[in-house]
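Per the working numbering: the sequence shown = residues 828 to 1336. The beta-carbon is built from N, C-alpha and C at its ideal position, and this holds for glycine as well. Keep in mind it's a predicted model, so treat the numbers as computed, not measured. Just below is one structure, and these are the notes that go with it.
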Amino acid sequence: AAGLGVIITLLAIFLTLPALLVLRYRRLERSSALGTSAAPWQEGHSWIGTVAQAGWSHPSVFLGATAVVVAASIWAVRHTAYEYDFLELEAKGLRSVELQRQIPTRFGTSDHSAWLVTNSLESSRELKEELRNLPEVGDVNAISDFVPSSARLAEYAPRLEQFRRTVLTRNRPAWIPGDAARLSDELGRLWDNLDLISNLAYTAGLDRIVSVIDGMTGVDSETGDTDPSALLPTLSRQVADITDDSTLRPLAAMWATHLKQNLLRMSNPAPVSLEEVPENMLRSFTPRSGEDYLVHVVPRRSLWDRPSLERFASQAESVNPNVIGSEQLMLVMMDATLEDGRNAAFLALVVIALLLIIHFRGTVGLLALVPLAVGTLIMLGLMYVLHMKYNYMNLIATPIILGIGIDDGVHALHRYREAGGGSQAVARSFQSIGRAILLTSLTTMIGFGSVAFYEMRGMASFGQVLFMGVGACFIATVLVLPALLRVALRQPRTAPIKAAGEEVVHAAR
828 AAGLGVIITL LAIFLTLPAL LVLRYRRLER SSALGTSAAP WQEGHSWIGT
878 VAQAGWSHPS VFLGATAVVV AASIWAVRHT AYEYDFLELE AKGLRSVELQ
928 RQIPTRFGTS DHSAWLVTNS LESSRELKEE LRNLPEVGDV NAISDFVPSS
978 ARLAEYAPRL EQFRRTVLTR NRPAWIPGDA ARLSDELGRL WDNLDLISNL
1028 AYTAGLDRIV SVIDGMTGVD SETGDTDPSA LLPTLSRQVA DITDDSTLRP
1078 LAAMWATHLK QNLLRMSNPA PVSLEEVPEN MLRSFTPRSG EDYLVHVVPR
1128 RSLWDRPSLE RFASQAESVN PNVIGSEQLM LVMMDATLED GRNAAFLALV
1178 VIALLLIIHF RGTVGLLALV PLAVGTLIML GLMYVLHMKY NYMNLIATPI
1228 ILGIGIDDGV HALHRYREAG GGSQAVARSF QSIGRAILLT SLTTMIGFGS
1278 VAFYEMRGMA SFGQVLFMGV GACFIATVLV LPALLRVALR QPRTAPIKAA
1328 GEEVVHAAR
């Protein structure tokens, strides 16, 4: 879309700008005939020509200083870190980001996960045992959690029998004085826990869980409004209004009987078959068709940094190389971003170089690449100075700046060739073309600079990098290109003006 927009803009310039220029000159002619004066074309910026002339007169100073800056920028490029934490690219102060940061520290688990597919219940059980012993694994969920092996059942059978005897012989009253206050406190704790679970589920995008919990608490996770007719608010009011224990004593007795029956049923030491697993649990680990089983692997800590990400991926793949999940995808995406960014920049540079050679009919056109290269390196060096990190968004700025930053050098080289070459031609060409490239650079910097005010920090860094890159390419064109022209074309400090294009064409040969 962006490339198409550039082409459409180019066509619009060719179709409309000549007509506008003709109208401009006709207006000037009419104004002159009437004895009035219209605003003439203003002369170029003399200070740009002065700076360019200084670069031509003292190439060793300008090129030497440029070499130092380039060397420092190359060092900075190699020491600028890459931001692997995608949460750092989000806007500051997001509640969802804060909650994601809290998950590993508060619950000892990560908000990432990985998955494995097995073809049998036994292999699911074996993978779970291997994975749970890995240092970077916090939890493993599998269908075998609900279907214990015969060995594990034999190990727990004596404990289950002891538990059943305890339940059968327990004679504690179902209700004792003071239980009403304790019940009210427990309802408050339940409400707090459900509210926390709802926030975490909302962050993770688990809308079904959020909907169920909101229906119980009456709290709308999006608006924060509370429905007083919901289950927990109603129950809390009813418990708070009870002053006589006789109201709750029959209910407590009924609940105690129901709980006792459930405990006895749950502690049955008989083997559990897959058919006995509830349907809602079975759906989480089995496909719609076939007999495969999913194993869910949860990391122990956050994977928003590359070392932790690589350790978890390496350990999980050591158990089974077919492990899949968001962490593998993130690792591949990060590496692909760096690799594809380098490839895109190299390809763009090669294509631009070929176009310059064809257009200028010789390798002299490659001189326009030098300010671009210097400006790009300065841009990357400034990232280090400003404590910025590479990320998958601002790295896109590198191939973009190659297409934008080349303009200044091409325009300046064109104007120098038209001026005939020599020291006077440098001052005159940069004085006239300097106004144009300064204006285009400023407007481009303003356009990209506006993106720097985005709340999303990743997008803001994209705008900041392009703002610096366009400005650096303009400065490099004014400071470096005149000195480079004198050295590359082997011109004396003061050289006569030749016919338009003669010097450059000769040098290209």
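Cβ pair V1253, P1309 closer than 7 Å: Sequence index remark: in the sequence shown, residue 1253 carries index 426 (1-based). Sequence index remark: in the sequence shown, residue 1309 carries index 482 (1-based). Yes, Cβ-Cβ distance for V1253 and P1309 is below 7 Å.
C-beta atoms of T893 and M1210 nearer than 7 Å: Within the sequence shown, residue 893 is the residue found at index 66, counting from 1. Within the sequence shown, residue 1210 is the residue found at index 383, counting from 1. Not a contact, by the Cβ cut-off of 7 Å.
Any 3 or more C-beta pairs closer than 8 Å across the stretch 1287 to 1306 and the stretch 1230 to 1245: At 8 Å Cβ cutoff, the stretches touch.
Touch test, the stretch 941 to 949 against the stretch 1110 to 1123, Cβ-Cβ under 8 Å, three pairs minimum: A contact exists between the stretch 941 to 949 and the stretch 1110 to 1123.
F1280, buried or exposed, once every other Cβ within 10 Å from all chains shown has been counted against 16: Locating residue 1280 in the sequence shown gives position 453, where the first residue counts as 1. By the neighbour-count criterion, in which a residue is buried when 16 or more other Cβ atoms sit within 10 angstroms of its Cβ, F1280 is exposed.
Nearest candidate by alpha-carbon position, reference L1265, set M1043, G832 and S873: As a working note, residue 1265 is residue 438 in the sequence shown. Nearest neighbour of L1265 by Cα position, chosen from M1043, G832 and S873, turns out to be S873.
For G1152, three-class secondary structure by DSSP: Within the sequence shown, the letter at position 325 stands for residue 1152. In the structure shown, G1152 sits in a strand (DSSP, three-state: E or B).
8 Å contact criterion, which A1083 and A984 should meet: CB distance rounded: Position 256 of the sequence shown, counted from the first residue, corresponds to residue 1083. Position 157 of the sequence shown, counted from the first residue, corresponds to residue 984. Contact between A1083 and A984 fails: their C-beta atoms lie close to 26 Å from each other, not under 8 Å.
Collapsed DSSP secondary structure at G1261 in the structure displayed: Your numbering for residue 1261 matches position 434 in the sequence shown. Reduced to three states, the DSSP call for G1261 is helix.
Close Cβ partners of T1053 (< 6 Å) along its chain, the five nearest in sequence each way excluded: Taking the first residue of the sequence shown as 1, we reach residue 1053 at position 226. Hits under 6 Å: G1045 and V1046.
Option nearest V994 by Cα separation, candidates H1085, E949 and R933: For the purposes of this step, residue 994 is taken as the residue at position 167 of the sequence shown. The candidate whose alpha carbon is nearest that of V994 is H1085.
R1255 at chain D interface by Cβ criterion, 7 Å: Judged by its chain identifiers, the structure shown contains no chain D, having just a single protein chain.
Helix, strand or coil at H1241 according to DSSP, with G and I counted as helix: Within the sequence shown, numbered from 1, the residue matching residue 1241 stands at position 414. Helix at H1241.
Per DSSP, the bridge partner or partners of N968: Taking the sequence shown and counting its residues from 1, the one referred to as residue 968 is at position 141. BP columns for N968 point to H1123.
Minimum C-alpha distance to L1229 - residue among L1176, F1187 and E910: In the sequence shown, counting from the first residue as 1, residue 1229 sits at position 402. Ranked by how close their Cα comes to the Cα of L1229, the residues L1176, F1187 and E910 have L1176 in first place.
Exposure of I1227, with buried meaning 16 or more beta-carbon neighbours within 10 Å: Your numbering for residue 1227 matches position 400 in the sequence shown. So I1227 counts as buried.
Alpha-carbon to alpha-carbon, E1137 and E957: As a first step, residue 957 is located in the sequence shown; it is residue number 130 there, counting from the start. As a first step, residue 1137 is located in the sequence shown; it is residue number 310 there, counting from the start. In this structure, the CA atom of E957 is about 19 Å from the CA atom of E1137.
Beta-carbon proximity check, S1145 vs F990, cutoff 7 Å: Position 318 of the sequence shown, counted from the first residue, corresponds to residue 1145. Position 163 of the sequence shown, counted from the first residue, corresponds to residue 990. In this structure, F990 does not lie closer than 7 Å to S1145 by Cβ.
Cα-Cα separation, A969 to V1212: Within the sequence shown, residue 969 is the residue found at index 142, counting from 1. Within the sequence shown, residue 1212 is the residue found at index 385, counting from 1. Computed Cα separation, rounded: 49 Å.
V1125 and T936 closer than 7 Å at C-beta: Within the sequence shown, numbered from 1, the residue matching residue 1125 stands at position 298. Within the sequence shown, numbered from 1, the residue matching residue 936 stands at position 109. Yes, they are a contact pair.
W942 (DSSP reduced to helix, strand or coil): Along the sequence shown, one-based indexing puts residue 942 at 115. Strand.
V1122 beta carbon less than 7 Å from that of L954: Residue numbering aside, residue 954 sits at position 127 when the sequence shown is read from its first letter. Residue numbering aside, residue 1122 sits at position 295 when the sequence shown is read from its first letter. It is a contact, given that the beta carbons lie within the stated cut-off.
Sub-7 Å separation of N1221 and V1292 beta-carbons: Taking the sequence shown and counting its residues from 1, the one referred to as residue 1221 is at position 394. Taking the sequence shown and counting its residues from 1, the one referred to as residue 1292 is at position 465. Result yes, Cβ atoms of N1221 and V1292 sit closer than 7 Å.
M923 versus D938 - alpha carbon distance: Residue numbering aside, residue 923 sits at position 96 when the sequence shown is read from its first letter. Residue numbering aside, residue 938 sits at position 111 when the sequence shown is read from its first letter. This sequence places Ser at residue 923; Met is not what is there. Those two C-alpha atoms are separated by around 12 Å.
Cα-Cα separation between L890 and E1154, rounded to whole angstroms: Against the sequence shown, residue 890 aligns to sequence position 63. Against the sequence shown, residue 1154 aligns to sequence position 327. Straight-line Cα distance between these residues: approximately 47 Å.
CB contact flag (V1099, V974, <7 Å): Reading the sequence shown from its first residue, position 272 is the one you call residue 1099. Reading the sequence shown from its first residue, position 147 is the one you call residue 974. Result yes, Cβ atoms of V1099 and V974 sit closer than 7 Å.
C-alpha gap between L961 and Y1120, whole angstroms: Your numbering for residue 961 matches position 134 in the sequence shown. Your numbering for residue 1120 matches position 293 in the sequence shown. If I take the Cα positions, the gap works out to 21 Å.
Sufficient close CB pairs (3 or more, under 8 Å) joining the stretch 1267 to 1285 to the stretch 909 to 928: Touching, per the Cβ criterion.
Limits of the unbroken alpha helix (DSSP H) element including S977: If you number the sequence shown from 1, residue 977 lands on position 150. Looking at the DSSP string, the run of the alpha helix (DSSP H) that includes S977 is S977 to T996.
Residue of I1040, L1101 and W902 minimising C-alpha distance to D972: As a position in the sequence shown, residue 972 is number 145, starting the count at 1. Residue L1101 holds the alpha-carbon nearest to the alpha-carbon of D972 among I1040, L1101 and W902.
N-terminal and C-terminal residue of the alpha helix (DSSP H) that N1020 is part of: Start at 1 with the first residue of the sequence shown, and residue 1020 comes out as number 193. Where N1020 is concerned, the enclosing alpha helix (DSSP H) stretches over D1006 to A1031.
Where V878 falls, given that 16 or more other Cβ within 10 Å makes a residue buried: As a position in the sequence shown, residue 878 is number 51, starting the count at 1. Under this definition V878 is a buried residue.
Exposure label - A1028; buried when at least 16 CB within 10 Å: Reading the sequence shown from its first residue, position 201 is the one you call residue 1028. Burial call: buried.
Reduced DSSP secondary structure (H/G/I, E/B, other) of Y852: In the sequence shown, residue 852 corresponds to position 25, counting from 1. If DSSP states are grouped into helix, strand and coil, Y852 belongs with the helices.
Proximal residues to W868 (C-beta, below 7 Å), its chain only, five neighbours per side dropped: As a working note, residue 868 is residue 41 in the sequence shown. The pLDDT assigned to W868 is 47, lower than 50, so where the model puts this residue is not dependable, and the model offers no usable value.
Three-state secondary structure (DSSP) of Y1211: By 1-based counting over the sequence shown, the position of residue 1211 is 384. Of the three classes helix, strand and coil, the one that applies to Y1211 here is helix, per DSSP.
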